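Some notes on the structure that comes next.
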Amino acid sequence: TDPWIFNSASGQKRWRSLKTEYEKAIIKIQPEMAKNQTISSGFYDQLINYAYTKESLSELYKRYKNSDDGDVQYVKSDAPLKDRDIIRKDGSRVYNKNYAERTQEDLATEIDGWIEYSMSSYSDSKKLLNTFTALIDHYNKNYEVILLLSPYHPLAYERILEKKQIIVEIENRILSIANARSIRVIGSYDPTKNKCSREEFYDGAHPKDICMYRIINELNGPD
Numbered sequence: 003t004d005p006w007i008f009n010s011a012s013g014q015k016r017w018r019s020l021k022t023e024y025e026k027a028i029i030k031i032q033p034e035m036a037k038n039q040t041i042s043s044g045f046y047d048q049l050i051n052y053a054y055t056k057e058s059l060s061e062l063y064k065r066y067k068n069s070d071d072g073d074v075q076y077v078k079s080d081a082p083l084k085d086r087d088i089i090r091k092d093g094s095r096v097y098n099k100n101y102a103e104r105t106q107e108d109l110a111t112e113i114d115g116w117i118e119y120s121m122s123s124y125s126d127s128k129k130l131l132n133t134f135t136a137l138i139d140h141y142n143k144n145y146e147v148i149l150l151l152s153p154y155h156p157l158a159y160e161r162i163l164e165k166k167q168i169i170v171e172i173e174n175r176i177l178s179i180a181n182a183r184s185i186r187v188i189g190s191y192d193p194t195k196n197k198c199s200r201e202e203f204y205d206g207a208h209p210k211d212i213c214m215y216r217i218i219n220e221l222n223g224p225d
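Encoded structure:
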């Protein structure tokens, strides 16, 4: 759960690659939004429009075949490459060696950029809050929902305490939402809560496996 989840000024656009799926989900978990016509213009016409569906399937097939993307390279192993990241089938990333092996001095020069990422401007959105709670309420009916908070690099979190308290406030809000629904939260934006050291980060906001394993092990109870 990223700290910009309630920020309408985050600038995040990556969700648009799943825009159709997102809008279908909104109709399912927040039908009142559909009644108020808050979904993007023309969405319903698209759902039942044969030409649109045919075009969408054609585009999906082309993307699957990578006919328009000559830059994609397939590798048999997920062993780190020198200067290119690997994206596994499950979407997880293997950082390239040049990036993963940078020194702490290198990381320190970009710390401020990481705490500002999608949080340089903050506009609290009730709409995003309602969508978040509707999503977890929907799945909490039939599944065990667990929220994960991925920690920041220790230097980054020090800066957060100095000048970006909104991130601490967002964590407290997420904990409050979860507690009200008896939902478990593992991890924290604060790296000290899981004893994640500076050396256990690729950059200001991405922990290495050793840190994440420690967080996941919370599911097994106290040591």
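Taking the working numbering, the leading residue of the sequence shown gets 3, the next gets one more, and so forth.
Cβ coordinates follow ideal geometry from the N, Cα and C atoms, glycine included.
Predicted, not measured: the structure shown is a model, and the values here were computed from it.
Can you tell me whether DSSP reads Pro82 as helix, strand or coil? Position 80 of the sequence shown holds residue 82. DSSP places Pro82 in coil when its eight states are reduced to three.
Confirm, please, whether the CB-CB distance from Asp205 to Leu83 is below 8 angstroms. The residue labelled residue 83 in the question sits at position 81 within the sequence shown. The residue labelled residue 205 in the question sits at position 203 within the sequence shown. Not in contact: Leu83 and Asp205 (Cβ atoms no closer than 8 angstroms).
Name the DSSP beta bridge partners of Ile188, please? Along the sequence shown, read from residue 1 onward, the residue named residue 188 stands at position 186. BP columns for Ile188 point to Leu150.
Tyr154: buried (16+ other C-beta within 10 angstroms of its C-beta) or exposed? What you label residue 154 is simply residue 152 of the sequence shown in a count that begins at 1. Result: buried.
Nearest-angstrom Cβ-Cβ length linking Arg200 and Pro156, presumed shorter than 8 angstroms: Start at 1 with the first residue of the sequence shown, and residue 200 comes out as number 198. Start at 1 with the first residue of the sequence shown, and residue 156 comes out as number 154. About 5 angstroms separates the two Cβ atoms, so the contact holds.
In this structure, how does DSSP classify Asp227 when only helix, strand and coil are distinguished? With the chain covering 3 to 225 only, the question about residue 227 has no answer from this structure.
Going straight from the alpha carbon of Val187 to that of Thr105, what length do you get? As a position in the sequence shown, residue 187 is number 185, starting the count at 1. As a position in the sequence shown, residue 105 is number 103, starting the count at 1. Cα to Cα, Val187 sits roughly 31 angstroms from Thr105.
Run through the DSSP bridge pairs and tell me what Asp92 is partnered with. The residue given as residue 92 occupies position 90 in the sequence shown. Bridge partners of Asp92: none, in fact.
For Pro5 and Ile172, believed in contact at Cβ under 8 angstroms, the rounded distance: Residue 172 sits at position 170 when you count from the first residue of the sequence shown. Residue 5 sits at position 3 when you count from the first residue of the sequence shown. Yes, Ile172 and Pro5 are in contact; Cβ-Cβ is about 5 angstroms, under 8 angstroms.
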